[in-house]
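Asks: Numbering (our numbering), first residue to last: 856 to 1100.
We put the beta carbon where it would ideally sit given N, CA and C, even for glycine.
Before I ask anything, here is the structure I am working with.
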Ligand SMILES: C[S@@+](CC[C@H](N)C(=O)[O-])C[C@H]1O[C@@H](n2cnc3c(N)ncnc32)[C@H](O)[C@@H]1O
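Right, here's the structure in full:
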């Protein structure tokens, strides 16, 4: 587990007890608006909705859509840290991850991104865009620190809740119960939830997907798995859409 610096002013707006966070299991990589649009099949009218981005990390989605008149709240335990620390964690992992990608060519599809070098440059650009926005947005209601499965928001505070590259992807680290609880929490604060991708790190469908969908359906949720126009991890081209009962 990371050593957490004493950040009294930042922790005042952080809704998660720091000792419960296991940030070492996830990679602080972010995607940009163009990728979010494809991963979640976002339409022009979706862009006008009040959006909650869960496990948003250092994505530049919030910065870009806000600049374009949208309303986005990013939620992540990473926001307990100042920008410089997030940047340090990102560069600490960057080449390790890119090397792993090079070592497993069968797991990647080079259509949207052309190759590992271009992907690396892209992720650095996203981080820079995120940091420029986060430096003024940290501590506001656009960047909220906290951890699933607990969401510190009012029922229906948002229209649409998104989560990319966290739920299902880290299935070996987070239980089926954690996934169910997180999705239920997301549907409490937004009537519609979209999650991408549905494969785990080994590039196979998450072992939690089927049981989680079955349980949600039994409880009256409307659930569908839909193909989207984005694939980087081979086989990671589907999104889960959930509406609460
Ligand atoms: C790979 S990043 C995804 C960032 C962004 N969604 C994207 O696709 O560009 C995964 C994020 O999950 C966050 N995370 C880890 N545990 C979490 C939890 N319990 N609740 C919410 N986010 C969590 C990490 O801090 C990290 O920023």
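Report the option in 1076, 1041, 1084 and 1054 whose CA atom is closest to the CA atom of residue 910.
Replies: 1041
Asks: Which value, in whole angstroms, describes the spacing of the CA atoms of residue 876 and residue 932?
Replies: The predicted model places residue 876 with a pLDDT of 43, which falls under 50 and marks its position as unreliable, so this point remains unresolved.
Asks: Using the C-alpha atoms, what's the distance from residue 902 back to residue 924?
Replies: 9 Å
Asks: Please confirm whether residue 1063 and residue 1031 have their CB atoms less than 7 Å apart.
Replies: yes
Asks: Whose C-beta lies closer than 6 Å to the C-beta of residue 975 among residues of the same chain, with five residues either side of it excluded?
Replies: Taking C-beta separations shorter than 6 Å and ignoring five residues to either side along the sequence, the partners of residue 975 in its chain run 953, following chain order.
Asks: If you measure between the beta carbons of residue 1066 and residue 985, is that distance less than 7 Å?
Replies: No. Outside cutoff.
Asks: Under the assumption that residue 916 contacts residue 927 (Cβ atoms under 8 Å), give the Cβ distance between them as a whole number of angstroms.
Replies: Residue 927 and residue 916 do touch by the CB rule: their CB atoms are close to 7 Å apart, below 8 Å.
Asks: May I have a chain-ordered list of the alpha helix (DSSP H) segments no shorter than 4 residues that lie completely inside the region 906-969?
Replies: 916-922 and 938-958
Asks: For the region 1004-1019 against the region 1040-1055, are there 3 or more C-beta pairs whose distance is under 8 Å?
Replies: yes
Asks: Measure the C-alpha to C-alpha separation of residue 983 and residue 1014 and round it to an integer number of angstroms.
Replies: Their Cα atoms are separated by approximately 28 Å.
Asks: Using a Cβ-Cβ cut-off of 7 Å (strictly less than) and excluding sequence neighbours within five positions of residue 1082, which residues of its own chain qualify?
Replies: 1092 and 1093
Asks: Tell me whether the beta-carbon of residue 1097 lies closer than 7 Å to the beta-carbon of residue 1038.
Replies: Going by C-beta atoms, residue 1097 is nearer than 7 Å to residue 1038.
Asks: Got a sec? Which residues, its chain only, sit under 6 Å from residue 934 by beta carbon, not counting five neighbours each side?
Replies: 998 and 1000
Asks: Quick check: residue 1101 and residue 1051, are their CB atoms within less than 7 Å of each other?
Replies: Because the chain here runs from 856 to 1100, residue 1101 falls outside it and cannot be looked at.
Asks: With DSSP as the reference, label residue 1049 as helix, strand or coil.
Replies: strand
Asks: Taking its Cβ as the centre, do 16 or more other Cβ atoms sit within 10 Å of residue 919, making it buried, or is it exposed?
Replies: buried
Asks: Would you say the beta carbon of residue 937 is closer than 6 Å to some non-hydrogen atom of ligand 1?
Replies: Residue 937: no, Cβ never under 6 Å from ligand 1.
Asks: Would you call the CB atoms of residue 882 and residue 948 closer than 7 Å?
Replies: Their beta carbons are under 7 Å apart, which means residue 882 touches residue 948 by this criterion.
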